[in-house]
Amino acid sequence: MLTLDPALQARLATPLSIGGVTLTSRVFQSPLSGVTDLVFRRLVRRYAPTSMLYTEMVSAAGLHYLKDIPQIMEVDPGEHPVGIQLFDCRPDFMAEAARKAVAEGADIVDINMGCPVNKITKNGGGSSLLRQPELAAQIVQSVVEAVPVPVTVKTRIGWSDQEITILDFARRMEDAGAQMMTVHGRTRAQGYNGPARWEWIRRVKEILSIPVIANGDIFSVAAAVQCLAETGADGVMCSRGTLGYPFLVGEVDDFLKTGEARPAASVIERLTCARDHLLALWEYKGERGVRQARKHMTWYARGFPGAAEAREALARMETAAAGLVILERALEQAHGNQGLLTGNTGRATREGDNLVTHDHQDSVMGMGSHRVKHGR
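In this text, residue positions in the sequence shown follow this note's numbering: the first is 668, and each later residue adds one.
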């Protein structure tokens, strides 16, 4: 049985202050490219009403050259607290982008200095800034001077095992004005391989006066608790653990606040969430949303009889209606062939070329974020 050390619970019970922003939750949803759009954040928000959520990372260069604000920056007025994460290596572009982020409703502007993907690092962004600490500090200073909201940094422990520079780097970011550091306990060279080295996060926490958030290998409530105990961090950020499982942030938050672990989401709950996710993506983005939903659906479709076949079919779905049929069939099987859940079933049919949904009163997009359910 998972238990929460009283001293740890007491340490985390007080609100977390990040500059002028005060949070009652110590659990964060990581910005994830291609994942944490408005639809996904609304799902996470159902179960984590007070956690800080982030948009996908946004290119400052793209904002500079585009006339219109991209859809990935859309912030619902009712979804706060929310942060917008930016990336680039040019201080002036980043300052300009930060001003636009605040105009769109960002409570926090986060600077990505940890992305390991080559197409980002080869242009000087992401984790490549670990090798350019002076430039990284200039970026932070420029953004801090440009916006009235807290500026934070998300990074890794170093470029490689031969270049673990996080201690000096973190000090420089704090000195430049960063008001929180999120540290992923891997190097750029590791990517997502091997275990996250939480001991380096602990060492960062020991030398900084600003909040330090731990990131890496937070796949369960137990892992989050262990990480907080080992690192002394001020909070945890969930990343890949939320893929196909948007319940995780809320589960961790509940446990840290109450000391009581609620049961993991059942197959029925996960499949119901998948159905809501698919329909909401279709409502929000049309056919493009259906294509984007394929990966999400394959993440949800695990841990039940017939999951492999369902994943294969969902990965090939061409329409929302086709995907909903697959999910409804899986739900029927999960219910022992006794019919679907009563109430908000979101059952889909075809009428001509139009997708028609019946009784889907809990549509993630249709309800507006002010109506997001905070129940469990």
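Virtual Cβ for every residue (Gly too), placed ideally from N, Cα, C.
Fair warning: this is a prediction, and the values are worked out from it, not measured in the lab.
Supposed contact pair S718 and V694 - C-beta distance, whole angstroms, cut 8 Å: Distance from V694 to S718 at the Cβ level is roughly 5 Å; contact confirmed, criterion being Cβ atoms closer than 8 Å.
Within the region 768-851, ranges of the beta strand (DSSP E) (whole runs, at least 3 residues): Those beta strand (DSSP E) runs which fall completely within the region 768-851 and span 3+ residues are 775-780 and 818-825.
The ligand ZN heavy atom lying under 6 Å from the CB of D759: With respect to small molecules bound, the structure shown includes none, and the ligand ZN cannot be examined in it.
Where M904 sits in the DSSP three-state scheme: Three-state DSSP puts M904 in a strand.
Contact between the region 790-806 and the region 733-743 (3+ Cβ pairs under 8 Å): No, because fewer than three Cβ pairs between the region 790-806 and the region 733-743 fall closer than 8 Å, the two stretches do not touch.
Per-residue DSSP class, three states only, for T854: Assigned with DSSP and collapsed to three states, T854 falls in strand.
Reference I833; option with closest CA among N860, V850, F760 and A843: Among N860, V850, F760 and A843, the Cα nearest to that of I833 is on V850.
DSSP-derived helix/strand/coil call for G990: Three-state DSSP puts G990 in a helix.
Touching by the beta-carbon criterion (3+ pairs, under 8 Å), the region 698-707 and the region 926-941: Pairwise C-beta distances place the region 698-707 out of contact with the region 926-941, as fewer than three of them are shorter than 8 Å.
DSSP three-state assignment for L699, whether helix, strand or coil: The answer is coil: DSSP assigns L699 none of H, G, I, E or B.
Contact belief for V807 with G750 at Cβ below 8 Å, rounded distance in angstroms: Not really, about 15 Å apart at Cβ, beyond 8 Å.
Cβ neighbours of N1004 in the same chain (closer than 8 Å, five flanking residues each side left out): Low confidence applies to N1004: its pLDDT is 38, below 50, so where it sits in the model is not reliable enough to give any reading.
V892 - containing alpha helix (DSSP H), residue span: Per DSSP, the continuous alpha helix (DSSP H) segment holding V892 begins and ends at V888 to T898.
Nearest residue (CA-CA) to E763, options V811, K786, T722 and S697: Considering only alpha carbons, the answer is V811.
Three-way DSSP call (helix, strand, coil) for Y912 in this model: The answer is coil: DSSP assigns Y912 none of H, G, I, E or B.
M761 (DSSP reduced to helix, strand or coil): Judged by DSSP in its simplified three-state form, M761 adopts helix.
Environment of R1017 [buried if 16+ CB atoms lie within 10 Å]: For R1017, the predicted structure reports a pLDDT of 23, less than 50, and the residue's modelled location is therefore unreliable. The matter cannot be settled from this model.
Where G745 falls: helix, strand or coil (DSSP): In the structure shown, G745 sits in coil (DSSP, three-state: anything other than H, G, I, E or B).
Where the alpha helix (DSSP H) containing I868 begins and where it ends: Looking at the DSSP string, the run of the alpha helix (DSSP H) that includes I868 is W865 to I874.
I935, DSSP secondary structure in three states: It is helical.
Exposed unless 16 or more other CB atoms sit within 10 angstroms - verdict on Y714: By the C-beta density criterion, Y714 is buried, having at least 16 other C-beta atoms within 10 angstroms.
Proximity winner among T965, G858 and T819, relative to E841 (alpha-carbon distances): Considering only alpha carbons, the answer is T819.
Contacts around L945, its chain only, beta-carbon distance under 8 Å, and the 5 residues preceding and following it disregarded: V957, A960, H963, M964, A987, G990, L991 and L994.
Assumed close pair A837, L875 - CB separation to whole angstroms, cut-off 8 Å: Sure, about 6 Å apart at Cβ, within 8 Å.
N-terminal and C-terminal residue of the beta strand (DSSP E) that L683 is part of: In the DSSP annotation of this structure, the continuous segment of the beta strand (DSSP E) that includes L683 starts and ends at L683 to I685.
C-alpha gap between K734 and P783, whole angstroms: Cα to Cα, the separation comes out at about 28 Å.
Test item: CB-CB of G686 and P817 under 7 Å: Yes, the Cβ-Cβ distance between G686 and P817 is below 7 Å.
Own chain, CB closer than 7 Å to Q846, minus 5 neighbours either side, in chain order: So the list reads I685, G686, P817, V818, T819 and I877, once near-sequence residues are dropped.
Delimiting residues of the beta strand (DSSP E) encompassing T689: In the DSSP assignment, T689 falls within the beta strand (DSSP E) that extends over V688 to L690.
Span separating the alpha-carbon of E866 from that of A896: One C-alpha to the other measures close to 11 Å.
Which residues DSSP lists as bridging I880, in chain order: Listed as beta-bridge partners of I880 by DSSP are T849 and G902.
Separation of D777 from P862, as counted between CA atoms: Rounded to whole angstroms, the gap between the alpha carbons of P862 and D777 is 25 Å.
Residues of its chain near G917, where Cβ-Cβ distance is below 7 Å and the 5 sequence neighbours each way are ignored: Cβ neighbours of G917 beyond the five flanking positions: Y714 and A715.
Coil, strand or helix - H731 by DSSP: Assigned with DSSP and collapsed to three states, H731 falls in helix.
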